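Residue numbers (this note's numbering): 10 to 196. Quick reminder that beta carbons are idealized off the backbone N, C-alpha and C, glycines included. Bear in mind that the values here come from a model prediction, so they are computed numbers and not experimental data. First up is the structure itself, then whatever we jot down about it.
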Amino acid sequence: PVEQDAMRHPPRDPKEPLLGAPEWRFIAAVGAIETAVTLGVFAWALGARDETEARTLAFSVLVFTELFRSFAARSPGRLFWEVGAFTNLRLVLVVALSALLQIGLHQVEITRRLFELSVLPWQDGLLALGLGLISVSLIELAKLIRRRVVGRQHLCRLRAAPLKEATLWTEQFRRNWEARFKALDSI
Numbered sequence: 010p011v012e013q014d015a016m017r018h019p020p021r022d023p024k025e026p027l028l029g030a031p032e033w034r035f036i037a038a039v040g041a042i043e044t045a046v047t048l049g050v051f052a053w054a055l056g057a058r059d060e061t062e063a064r065t066l067a068f069s070v071l072v073f074t075e076l077f078r079s080f081a082a083r084s085p086g087r088l089f090w091e092v093g094a095f096t097n098l099r100l101v102l103v104v105a106l107s108a109l110l111q112i113g114l115h116q117v118e119i120t121r122r123l124f125e126l127s128v129l130p131w132q133d134g135l136l137a138l139g140l141g142l143i144s145v146s147l148i149e150l151a152k153l154i155r156r157r158v159v160g161r162q163h164l165c166r167l168r169a170a171p172l173k174e175a176t177l178w179t180e181q182f183r184r185n186w187e188a189r190f191k192a193l194d195s196i
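Following this line, the structure appears as structure tokens:
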């Protein structure tokens, strides 16, 4: 979907590179985070398991990281819930299909041999999903902070409006769970 305020921005200078210094810094930072998480899980798994299992877990973490990051990449400044989860149904379908294929790779003997993987237990699959959310969570949090440089000062401002929307959204669940806990207390 097109950004709602796209027409308020001046056009990019045709002589300006498509990716400037801020975009390259962002790419390097995300790449460093994804590398640290993937190699960290590989090193951790290598200490407790064999190399094939460690490679399997690291590969799954990397794949899920990239799948989840596709949702954050839809807008450079708007958060996931501001853009909307289902505004791009093709993306949701592709991510879901890719996740199923990733899980299937570990279940089929020929693909395990081809990619030198092992069976991925469901606990490791959940771990890979959770670790895959790290970089996308950091990207989404970074979208809440607006930074600008004025002379020697670096000014940061927090965009609190999206947090209010998230609080209102989670409030309905909190009320529901509190009612359930009160019902359990009365038993």
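- Under the three-pair Cβ rule at 8 angstroms, the region 61–77 counts as touching the region 134–152.
- Residue state for residue 136 is assigned as helix, using DSSP reduced to three classes.
- Around the beta carbon of residue 182, fewer than 16 other beta carbons sit within 10 angstroms, so the residue counts as exposed.
- Within the region 13–61, the complete alpha helix (DSSP H) segments of 4 residues or longer fall at 30–57, listed in chain order.
- By the 16-neighbour rule on beta-carbons within 10 angstroms, residue 141 is buried.
- Contact annotation: the region 167–178 touches the region 88–106, with at least three C-beta pairs closer than 8 angstroms.
- For residue 162, there is no enclosing alpha helix (DSSP H); the residue is found in the beta strand (DSSP E) stretching over 162–167.
- Taking all protein chains in view, the Cβ of residue 43 is crowded by 16 or more other Cβ atoms within 10 Å, so the residue is classified as buried.
- The region 18–26 makes no contact with the region 40–60: fewer than 3 CB pairs, one atom from each, lie closer than 8 angstroms.
- Bridge pairing for residue 101: absent [DSSP].
- In the DSSP annotation of this structure, the continuous segment of the alpha helix (DSSP H) that includes residue 173 starts and ends at 170–194.
- The three-state secondary structure of residue 159, taken from DSSP, is strand.
- In this structure, residue 164 and residue 154 do not form a Cβ contact; the two beta carbons are roughly 11 angstroms apart against a cut-off of 8 angstroms.
- Segment contact: the region 60–67 against the region 116–134, three or more CB-CB distances shorter than 8 angstroms; contact assigned.
- Shown here for residue 104: same chain residues with a beta carbon closer than 7 angstroms to its own, the five before and five after excluded, namely 76, 79 in chain order.
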